[in-house]
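Everything on this sheet refers to the single structure shown next.
There are 2 protein chains.
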Amino acid sequence: MFIELDLQSETPIYAQLVDQIVEGIASGALKPGDPLPSIRNLSEDLGINLHTVNKAYNLLKQEGFLQVHRKKGVIVQPDGMPGVTEEFEEKLRQQLRSLAAAAAVRGMSEEAFAQESKSVYRDMIMNRGGEQR
Amino acid sequence: MFIELDLQSETPIYAQLVDQIVEGIASGALKPGDPLPSIRNLSEDLGINLHTVNKAYNLLKQEGFLQVHRKKGVIVQPDGMPGVTEEFEEKLRQQLRSLAAAAAVRGMSEEAFAQESKSVYRDMIMNRGGEQR
DNA sequence: ATATCTGTTATATATGTAATATAACAAACA
DNA sequence: TGTTTGTTATATTACATATATAACAGATAT
Chain G
1 MFIELDLQSE
11 TPIYAQLVDQ
21 IVEGIASGAL
31 KPGDPLPSIR
41 NLSEDLGINL
51 HTVNKAYNLL
61 KQEGFLQVHR
71 KKGVIVQPDG
81 MPGVTEEFEE
91 KLRQQLRSLA
101 AAAAVRGMSE
111 EAFAQESKSV
121 YRDMIMNRGG
131 EQR
Chain V
134 MFIELDLQSE
144 TPIYAQLVDQ
154 IVEGIASGAL
164 KPGDPLPSIR
174 NLSEDLGINL
184 HTVNKAYNLL
194 KQEGFLQVHR
204 KKGVIVQPDG
214 MPGVTEEFEE
224 KLRQQLRSLA
234 AAAAVRGMSE
244 EAFAQESKSV
254 YRDMIMNRGG
264 EQR
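Sequence order for the protein chains is G and V. First residue of the first sequence: 1, per my numbering; consecutive thereafter. First residue of the second sequence: 134, per my numbering; consecutive thereafter.
Below, the structure written as C-alpha cells:
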C-alpha cells in the first residue's frame with residue numbers, strides 16, 4: 001500500500017486514510033479480496049496511533065468497502081461494492097454544489113468544471129485493468 | 134437573503150454560511166456591491182452567535198468575496214471576484230478526486246460523474262441574468 | 001498447550017475547533 | 001448624543017481528533 005500522510009493538513013489523519021484507501025480501490029491498486037495491513041502493522045508503519053487506523057477501517061467497514069474477519073483480518077469487500085444509493089447521490093450533489101459555486105464565482109465555466117471532473121475521474125481510473133464492471 | 138441552517142448537520146454552522154453565501158453570489162441572487170446583513174442582525178435572525186457570523190464573514194473577506202467597510206458595512210466584492218488561482222485549482226482537484234473515487238467505487242461511470250457535475254453547476258447558475266462574464 | 005497475532009473494547013489525557021456568552025472599544029452616522 | 005457598525009478580548013462549554021495503556025477473546029502457528 002502506498003499511503004502518504006500529511007500531518008500538517010487540516011483534514012484529519014483518519015479521513016486521509018479513508019480517502020486513500022477508497023482511491024486505491026477505485027484505481028484498481030486494491031482489488032476485491034485483497035488483504036490490508038493489520039491495524040497494528042499499519043499504525044506502526046505510518047507512525048500513528050492504533051485507534052486512528054481502527055477508526056478509518058471501521059468507517060470503511062460501515063460503508064461496505066471493507067470486510068473484517070477474525071480469520072482473514074481486513075480485506076477489500078469481495079462480495080460486490082455498494083452501489084449508487086440515493087443517500088450517496090444526495091451527499092455527492094451537496095458537495096459538488098459547494099465546489100461548483102466556488103468555481104463559478106471565480107469565473108470557471110460550466111464546461112471547464114465538467115471537464116475538470118472528467119479528467120480527475122479518468123486520471124484516477126487510468127491504470128486499471130479491464131476487469132471491472 | 135435566504136439562508137437555511139441545519140443545526141444537526143456535521144458541517145459547522147460557519148461553513149454552511151460560507152457555502153450559502155458563495156452559492157448566492159454564483160447564482161446571481163447576490164450581485165457585486167449588494168449589501169449583506171450586519172453581523173448582529175444576521176446572527177439574531179438566525180438565532181446564532183455573533184462570532185459565528187463574524188467568522189464566516191471574515192473567511193469570505195480573506196478569500197476576496199466580500200468587502201468590509203466601517204461605512205458601507207458588509208458588501209459583495211464590487212471590484213471583481215478573485216480568479217482561478219493555482220491554489221484554488223489544486224484544492225478543487227483534491228476534492229474532486231475524493232468524490233470521483235467514491236463514485237467510481239460505487240460503479241458510477243465517468244460520463245455519469247461528469248454529467249452530474251455539469252447539471253449541478255447548471256442548476257446553480259440557472260436563474261442568473263446574462264450580465265456576468 | 002503456549003505463545004502470538006488478530007480485531008475489539010475500555011479509560012484516560014492532551015489538544016484543537018466550534019459555538020456560545022459578555023463586554024468593551026473606536027469609527028461612522030443620524 | 002445616542003446608535004449602529006465592525007473589531008477585539010476573555011471565558012466557558014461541548015465535541016472531535018489523536019494519543020497512550022491496558023485488557024479481552026477468537027484464531028493461528030509452533
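Every residue, glycine too, gets a C-beta built ideally from N, C-alpha and C. Remember, it's a predicted structure, so these values are computed and weren't measured experimentally.
Span of the beta strand (DSSP E) around residue i
{"i": "I75 (chain G)", "result": "73-76"}
Whether residue i touches residue j by CB criterion (9 Å)
{"i": "A247 (chain V)", "j": "K118 (chain G)", "result": "yes"}
{"i": "A234 (chain V)", "j": "S109 (chain G)", "result": "no"}
{"i": "P168 (chain V)", "j": "D212 (chain V)", "result": "no"}
{"i": "L150 (chain V)", "j": "T185 (chain V)", "result": "yes"}
{"i": "F65 (chain G)", "j": "I13 (chain G)", "result": "no"}
{"i": "E249 (chain V)", "j": "L50 (chain G)", "result": "no"}
{"i": "A189 (chain V)", "j": "A148 (chain V)", "result": "yes"}
{"i": "D152 (chain V)", "j": "R128 (chain G)", "result": "no"}
Residue interval of the alpha helix (DSSP H) (run including residue i)
{"i": "Q141 (chain V)", "result": "Per DSSP, Q141 (chain V) belongs to no alpha helix (DSSP H) and is neither H nor E."}
{"i": "M124 (chain G)", "result": "110-125"}
{"i": "D178 (chain V)", "result": "172-179"}
{"i": "N182 (chain V)", "result": "No alpha helix (DSSP H) holds N182 (chain V); DSSP gives it neither H nor E."}
Three-state class that DSSP yields for residue i in the structure shown
{"i": "L30 (chain G)", "result": "coil"}
{"i": "V84 (chain G)", "result": "coil"}
{"i": "L150 (chain V)", "result": "helix"}
{"i": "L36 (chain G)", "result": "strand"}
Proximity to residue i [Cα-Cα], best of the options
{"i": "S218 (chain V)", "options": "G:V120, G:L17, G:A103, G:R122", "result": "Looking at the sequence shown, residue 218 (chain V) is not Ser but Thr. Minimum Cα distance to T218 (chain V) is reached at G:A103."}
{"i": "D114 (chain V)", "options": "V:G206, V:V201, V:E137", "result": "Outside the displayed span of chain V (134 to 266) sits residue 114 (chain V), for which this structure offers no information."}
{"i": "R40 (chain G)", "options": "G:V74, G:G24, G:S9", "result": "G:V74"}
{"i": "V76 (chain G)", "options": "G:R70, G:L60, G:K91, G:F88", "result": "G:L60"}
{"i": "V238 (chain V)", "options": "G:L92, G:Q8, G:E23, G:A15", "result": "G:E23"}
{"i": "Q95 (chain G)", "options": "V:K205, V:V253, V:M214, V:E244", "result": "V:V253"}
{"i": "R70 (chain G)", "options": "G:S9, G:E90, G:L42, G:S38", "result": "G:S38"}
{"i": "F135 (chain V)", "options": "V:Q141, V:I158, V:S142, V:E143", "result": "V:I158"}
{"i": "F88 (chain G)", "options": "V:G240, V:E222, V:E220", "result": "V:G240"}
{"i": "G180 (chain V)", "options": "V:D139, V:E223, V:D256, V:R261", "result": "V:D139"}
{"i": "G83 (chain G)", "options": "G:M124, G:E63, G:S43, G:T11", "result": "G:E63"}
> For the segment 177-198 of chain V, which residues have a beta carbon sitting closer than 8 Å to at least one beta carbon of chain G?
Replying inline: Residues of the segment 177-198 of chain V with a Cβ closer than 8 Å to any Cβ of chain G, in chain order: F198.
> When you check each C-beta in the segment 108-130 of chain G against every C-beta of chain V, which residues fall closer than 7 Å?
Replying inline: The residues in question are M108, E110, F113, A114, E116, S117, K118, V120, Y121, R122, M124, I125.
>> Under 7 Å, CB to CB, which of the residues in the segment 85-108 of chain G have a partner in chain V?
In response: Cβ contacts with chain V: F88, L92, R93, Q95, L96, R97, S98, L99, A100, A101, A102, A103, A104, V105, R106, G107, M108.
> Of the residues that make up the segment 14-41 of chain G, which ones have a beta carbon closer than 7 Å to any beta carbon in chain V?
Replying inline: Of all residues in the segment 14-41 of chain G, D19, V22, E23, I25, A26 have a Cβ within less than 7 Å of some Cβ in chain V.
> Looking at chain V, which residues of the segment 72-86 of chain G have a Cβ within less than 7 Å of any of its Cβ atoms?
Replying inline: Within the segment 72-86 of chain G, the residues whose Cβ lies closer than 7 Å to some Cβ of chain V are M81, P82, G83, V84, listed in chain order.
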